[in-house]
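Protein sequence lines, in the order shown, are assigned to chains A and B.
Once you know that position 118 of the first sequence is 118 in full-length UniProt numbering, the rest is easy, because the numbers rise by one and skip nothing.
Once you know that position 153 of the second sequence is 153 in full-length UniProt numbering, the rest is easy, because the numbers rise by one and skip nothing.
Notes follow once the structure below has been shown.
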Amino acid sequence: MSGNESKITHKLRMMSGFELPIDTLSLLKPDGSLHDGAKAPKLSKETALRIYDTMLFIRVLDERMVAAQRQGRLSFYMTCIGEEAAVIGSAAAFEDHDMIMGQYREHGALRYRGFPTEQFMHQMLSNSKDLGKGRQMPIHYGSRALNYMTISSPLATQIPQAAGYAYGQKLDGKKACTLVYFGEGAASEGDFHAGMNMAAVLKCPTVFFCRNNGYAISTPSEEQYAGDGIAARGVGYGMQTIRVDGNDVLAVFAACVEARKIAVEKQEPVLVEAMSYRLGAHSTSDDPSGYRSKDEEEKWRSVDPVLRMKNWLIAKKWWAEQQEKAVLETYRKEVLDTLKATEKVPAPALEEIITDVYDQPPAHLQQQLAELREHIAKYPEKYPKTAQGVK
Amino acid sequence: MAKMNLLQAVNSALDLAMAKDRRVVCFGEDIGKFGGVFRATSNLQEKYGRERCFNTPLTEQGIAGFAIGMAAQGHVPVAEMQFADYIFPAFDQIVNEAAKFRYRSGDQFNVAGLTIRTPYGGGIAGGLYHSQSPEAYFTQTPGLKVVVPSTPYQAKGLLLASIRDPNPVVFFEPKRLYRAAVGEVPEEEFEIPLGVAEVVKEGSDITLLAWGAQMEYLQAAAAMAEAEGISCEVIDLRTLLPWDVDTVARSVKKTGRLLITHEAPLTGGYAGEIAATIQEHCFLYLESPIARVCGMDTPFPLIHEKEYMPDQFKIFEAIKRTMNY
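Next comes the structure, spelled out in structure tokens:
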């Protein structure tokens, strides 16, 4: 039904922005038991353990990489801490041939699909084995093989692109969809509105996944939007919408399984808003102590998504505390060893500075490279990273 | 060969591209059943269906982003921006996303199939918001190709080449010439290679360079100059990025003089870039400073449009000044 078939009234009455409250689906209690009346989604032991294993890896990676950044070994880092259930639980509900378009904080989804530890390191250290050839800041991962679109720094640009990507999948008759992540801050950008509206009108099999983590850098969500969160906008754009407890992996997984089903079977978009909290800093360039209280953070620590899932796994007798210690030890060693080894990999060749601007380097770029080579050959000590390769 | 105006040539290119490759998809504002405000996409929806030729909501950034996503997926989107004046909301998607897609991913992903068509330029009493020539904003963006046809023949050949080029292309169509320019155009398909300028007329005293709608004024000025005994070599640049330095430099080495004209404002305009490059290549051959005849550094006016335009009379005067330097 469109707005111009609306029921006529004869009484003047404004509607408030909160008049259509949207519920939050929550299945799992912090102690790992289910809420009364809650029904757990069909989640195999294998998938559940893969989700949890990915969570543990990402916790270790984040902790070690932040330390490495503090030691000056990395220029920049962003952690996923607090949002593991939202990111990894959602990724687990999709198929490997579905495209994922992330914002930047979704390395858990990439890991879930099998991105190897050394590839994370190659990207963060911008070396010759980085799939992105050392052109972007750390954490801007991308993998053609894993259908994970390379991250772009400008916020929200991936949202209309996801609508277009999904439309292409639809034209090809594929049983696939596009999963696009963004934060509640990105939902303020024009691209969000453009992408949501286009996907709804053009019926694109896109799943829009909002990680509502409370903060856009230092701006709290109450300074980011008025009204009932981001989910209300999905309804406004005419798409099926659900809000979930983003720290509840079962709720996230259940909602996303259903979202994918709608996108692929009905060929239309869905919006999922996951209510969570960014426990860490926005990035290593940020310091949350300047804009929020320890008390507030503690409150969210008590509903830690990883701990909550662990309690559930233990209650199901799928996991034990001792196993966890061994896994964490293995990952700590793996991450540190890989980092050390990766630091020895040389920088990409100098010619990579002009490749991939176009499919073939045009004459003016070849000329600029030739001039650069000549200059570096003259001042090799000033350009130590590349001088060796320049004769 | 058939007689076609520039719009019919564009339509013919789109029609043939869609017929040959089912992955070619056209979309934009009002381009579906209506055929676009200029009718460049007439009959395409009828022929190829709503899935492959459709209206979008009014959102330039959405259209560009959507096109990028489709191209990344492997389709060949030809997106229309209703007027080049309205390309600015899409600027970020074009210069930050489309242009860098291949580079930033290390060639894991690209938007090879992407073409953005848009009508540009003055001379239609369009005022500030229907007359701009924003090409220079895009020529500073590595990763894009920027193409501007000046005749119906070029419009068809260059558009087919743009659609099939493995890089994102911004294709500016001179709307003043949409119906005014009529010429012989093959009905079958053909391509004009990108990155190659066309020497329209050979001459020995001065090289005259332009692109798009400005070619008409340039040729009128050349005729006036020829009548006074000045031999003009006239070059149509056709592709602005990457541009054909060799053809222009070769010509300037022969004539010793260069005049460049464009409708966009003088300051920061593409003529400045060409002048800098050519003086580098041809410094010892130049017999006078490189002349630029451009739009004024004002927004494009409505009532004083004729005064604003860098027309044949302004170009003719600049030719004489350059010859008499």
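Backbone N, C-alpha and C define an ideal beta-carbon position, used for all residues, glycine too.
Q: Starting from Tyr104 (chain A), follow its DSSP beta bridges and name the residues at the other end.
A: Beta-bridge pairing links Tyr104 (chain A) to no other residue.
Q) Relative to the C-alpha of Ile163 (chain B), which residue among B:Val78, B:Gly212, B:Thr139 is closest? A) B:Val78
Q) Do you know offhand how far Trp318 (chain A)'s Cα is from Phe54 (chain B)'s? A) Each residue's Cα considered, the two are about 52 Å apart.
Q: Report the three-state DSSP secondary structure of Asp304 (chain A) (helix, strand or coil).
A: coil
Q. If you run the structure through DSSP and keep just helix, strand and coil, what is Thr207 (chain B)?
A. strand
Q: Using alpha carbons as the reference points, say which of B:Pro265, B:Glu273, B:Ser231 lies closest to Leu241 (chain B).
A: Nearest C-alpha to Leu241 (chain B): B:Glu273.
Q) Near Asp15 (chain B), what residues of its chain come up, given a Cβ to Cβ distance below 8 Å and the 5 sequence neighbours on each side ignored? A) Asn43, Leu44, Lys47
Q | Simplified DSSP state of residue 334 (chain B), which is helix, strand or coil | A | Nothing about residue 334 (chain B) can be read from this structure; chain B reaches only from 1 to 325.
(Q) For the alpha helix (DSSP H) containing Glu324 (chain A), name the first residue and the last one. (A) 321 to 342
**Q.** Under the three-state DSSP convention, the category Ser221 (chain A) falls into
**A.** helix
Q | Residue range of the unbroken alpha helix (DSSP H) whose run includes Ala271 (chain B) | A | 270 to 282
Q.
Here's a check: name, in chain order, each residue in its chain whose Cβ is nearer than 8 Å to the Cβ of Ile81 (chain A), leaving out the five neighbours to either side.
A. Shown here for Ile81 (chain A): same chain residues with a beta carbon closer than 8 Å to its own, the five before and five after excluded, namely Arg59, Asp62, Arg278, Leu279, Gly280 in chain order.
Q: Could you check how far apart the C-beta atoms of Thr255 (chain B) and Gly203 (chain B) are, in whole angstroms? I think they sit under 8 Å.
A: 7 Å
Q: State the start and end residues of the unbroken alpha helix (DSSP H) segment that holds Ala72 (chain B).
A: 60 to 73
(Q) Which residues in chain B have a C-beta closer than 8 Å to the C-beta of Thr157 (chain A)? List them in chain order. (A) Gly65, Asp92, Gln93, Asn96, Glu97
Q. Between which two residues does the beta strand (DSSP E) containing Lys320 (chain B) stretch?
A. No beta strand (DSSP E) holds Lys320 (chain B); the alpha helix (DSSP H) holding it covers 312 to 323.
(Q) If you reduce the DSSP assignment to three classes, tell me which class Tyr148 (chain A) lands in. (A) Note: Tyr148 (chain A) maps to strand in three-state DSSP.
Q: Within 10 angstroms of the Cβ of Arg22 (chain B), are there 16 or more other Cβ atoms? Answer buried if so, exposed if not.
A: With fewer than 16 Cβ atoms within 10 Å of its Cβ, Arg22 (chain B) is classed as exposed.
Q: List the endpoints of the continuous beta strand (DSSP E) containing Pro265 (chain B).
A: Looking at the DSSP string, the run of the beta strand (DSSP E) that includes Pro265 (chain B) is 258 to 265.
Q: Using 10 angstroms around the beta-carbon of Phe34 (chain B), count the other beta-carbons present and answer buried if the total reaches 16, otherwise exposed.
A: exposed
Q | Beta carbon of Thr24 (chain A) nearer than 8 Å to that of Met275 (chain A) | A | yes
(Q) Can you tell me whether Ala2 (chain B) is buried or exposed? The criterion is at least 16 other CB atoms within 10 Å of its CB, across all chains shown. (A) exposed
Q: Could you check which residue in A:His10, A:Val180, A:Tyr215, A:Val66 has the C-alpha nearest to that of Val335 (chain A)?
A: A:Val66
Q | Whole runs of the alpha helix (DSSP H) within the segment 210 to 248 of chain B, excluding any shorter than 4 residues | A | Listed in chain order, the complete alpha helix (DSSP H) runs (minimum 4 residues) inside the segment 210 to 248 of chain B are 214 to 227.
Q: Could you spell out the range, first to last residue, of the beta strand (DSSP E) harbouring Tyr277 (chain A)?
A: No beta strand (DSSP E) contains Tyr277 (chain A), which DSSP labels as neither H nor E.
Q | Phe109 (chain B) at chain A interface by Cβ criterion, 8 Å | A | yes
Q | Whole runs of the alpha helix (DSSP H) within the segment 44 to 129 of chain A, excluding any shorter than 4 residues | A | 45 to 70, 84 to 91, 107 to 112, 117 to 124
**Q.** Beta-ladder partner(s) of Leu271 (chain A), from DSSP
**A.** DSSP lists A:Phe208, A:Thr241 as the beta-bridge partner residues of Leu271 (chain A).
Q | Beta-ladder partner(s) of Thr284 (chain A), from DSSP | A | In DSSP, Thr284 (chain A) forms no bridge with anything.
Q: Please name the residue, chosen from B:Pro186, B:Pro193, B:Leu128, that lies closest to Trp243 (chain B) on a Cα-to-Cα basis.
A: B:Pro193
Q: Report yes if the C-beta distance between Leu208 (chain B) and Ala220 (chain B) is below 8 Å; otherwise report no.
A: no
(Q) What does the alpha-carbon distance come out to for the pair Ala249 (chain B) and Met4 (chain B)? (A) 33 Å
Q.
Spatial neighbours of Phe138 (chain B) within its chain, please: C-beta separation below 6 Å, excluding the five flanking residues on both sides.
A. Cβ neighbours of Phe138 (chain B) within its own chain (closer than 6 Å, five residues either side excluded): Leu144, Val146, Val170.
Q. Between Lys20 (chain B) and Thr41 (chain B), what straight-line distance do the alpha-carbon atoms span, to the nearest angstrom?
A. 16 Å
**Q.** Below-8 Å beta-carbon distance, Ile192 (chain B) vs any chain A residue
**A.** Judged by the 8 Å Cβ criterion, Ile192 (chain B) is not in contact with chain A.
Q: Determine the DSSP secondary structure at Met137 (chain A), reduced to helix, strand or coil.
A: coil
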